[in-house]
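Just below is one structure, and these are the notes that go with it.
Number of protein chains: 2
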Amino acid sequence: MDTKQITIDGIDKKILRALTEDARTPILEIARHVGISGAAIHQRLRKLEKSKLLVGSKFIINEKALGYSTLAFVGIYLEQATNNDDVVKALKRIPEVLECHYTTGQFNIFIKLLSRNNAHLMQLLNNDIQTIRGVLRTESLISLDQQIDRQIKI
Amino acid sequence: MDTKQITIDGIDKKILRALTEDARTPILEIARHVGISGAAIHQRLRKLEKSKLLVGSKFIINEKALGYSTLAFVGIYLEQATNNDDVVKALKRIPEVLECHYTTGQFNIFIKLLSRNNAHLMQLLNNDIQTIRGVLRTESLISLDQQIDRQIKI
DNA sequence: AGTGAAACAGTGTTTGG
DNA sequence: CCAAACACTGTTTCACT
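Taken in order, these protein sequences are the chains called A and B. FYI, in UniProt numbering the residues of the first sequence are 1 to 154. FYI, in UniProt numbering the residues of the second sequence are 1 to 154.
Have a look at this one:
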């Protein structure tokens, strides 16, 4: 085992479930729900943060309300002698690229990207991604509808 | 335009940037940083929530600390006459499935899933996914390393 | 309409047991 | 782990520009 495991009991799980749904759930509300004091919840939260199991919190923005409605996955083929890190560095400069993975299988790099519409997606592919040095060609999967979006269950 | 656009000025952007990085950033800290009062920040936050641009907040858990270290994308081919919704319903019951998309291209359904290790991934594919009625076959991309993980820039 | 200072209500945090 | 005291934040109010 290369990562340290931490012992989580049922109460920890309930705390995590509440806060992964809504980071602003009041401690006292959780306390009432699980039947222990607020101070105890606070202690456990410190433990969970120290163990690096909790790594932060985020506000979630609705991309559609910002005008981004097209989500796509793009597989990228690279030329043989390409320095992958340079490609990733270039991808980081494209804000629409939300995820980037080195993957097994046919592609060298696999990304998830968010664009305003199909025209914008095409522009991103042609002007920004396929012009990166070393990129041979790309293969796109456009998400027509996302049915599941969640974190791992705890 | 099928989704309402909302006008966001530079101050709104700074607020959003702070809170999408850390949902617990104090309002007064943001206020100091952008040079207006806390009450003003609060008003703007209400506006942003009402406009559905802010849709909540989440604590982020480090899956690796929970023992989940293998991330994979899986393309799913379905039989012709399959009811896609039933397949999605079955996928929802598998907690390791984090995302599920209807996609264009070769696959009918494309999912992202998180497993403890390669053995666990194989078990999920063989025992849980490929046994769903209507699933013909699957094609997996395993993420060896994730280099980018972020929300859209605001 | 939007801002800012002050009062208020509610939370997170610490302490002592 | 609990209960109470504490410190700080989020929230509202209101006078002002």
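Glycine residues also receive a C-beta, built at the ideal position from the N, C-alpha and C atoms. This one's a predicted model, so the numbers in the text were calculated from it and none came from an experiment.
CB contact flag (residue i, residue j, <8 angstroms)
i: A/Lys14; j: A/His33; result: yes
i: B/Asn118; j: B/Asn84; result: no
i: residue 194 of chain B; j: A/Lys50; result: Lying outside 1 to 154, the shown extent of chain B, residue 194 of chain B is not represented and no answer is given.
i: B/Val74; j: B/Ser140; result: yes
i: A/Leu121; j: A/Thr70; result: yes
i: B/Glu63; j: A/Ile152; result: yes
i: A/Phe115; j: A/Tyr68; result: Note on identity: in this sequence residue 115 of chain A is Ser, with Phe being the wrong assignment. Result yes, Cβ atoms of A/Ser115 and A/Tyr68 sit closer than 8 angstroms.
i: A/Ile60; j: B/Val97; result: no
i: B/Leu19; j: B/Thr25; result: yes
Min CB distance residue i to chain A below 8 angstroms
i: B/Asp12; result: no
i: B/Asp86; result: no
i: B/Val97; result: yes
i: B/Ile148; result: yes
i: B/Asn108; result: no
i: B/His101; result: yes
Distance between residue j and residue i (C-alpha atoms, nearest Å)
i: B/Leu28; j: B/Arg46; result: 15 angstroms
i: A/Asp2; j: B/Val135; result: Confidence is the limiting factor: at A/Asp2 the pLDDT is only 41, short of 50, which leaves the residue's position unreliable and the question unanswerable from this model.
i: B/Thr130; j: B/Glu79; result: Note on residue identity: the sequence assigns Gln, not Thr, to residue 130 of chain B. Cα to Cα, the separation comes out at about 12 angstroms.
i: B/Gly105; j: A/Gln146; result: 15 angstroms
i: A/Pro95; j: A/Leu144; result: 21 angstroms
i: B/His101; j: B/Ile111; result: 6 angstroms
Within-8 angstroms CB hit, residue i to chain B
i: A/Gly38; result: no
i: A/Thr82; result: no
i: A/Lys52; result: yes
i: A/Gln151; result: yes
i: A/Tyr77; result: no
i: A/Leu24; result: The question names Leu, but residue 24 of chain A is Arg in the sequence shown. Yes, because at least one Cβ of chain B sits closer than 8 angstroms to the Cβ of A/Arg24.
i: A/Asp145; result: yes
Those residues which DSSP pairs with residue i across a bridge
i: B/Ala72; result: B/Leu113 and B/Ile142
i: B/Ile61; result: A/Leu54
i: B/Thr103; result: A/Ser143
i: B/Leu45; result: Beta-bridge pairing links B/Leu45 to no other residue.
First through last residue of the alpha helix (DSSP H) which encompasses residue i
i: B/Gln123; result: Asn118 to Gln123
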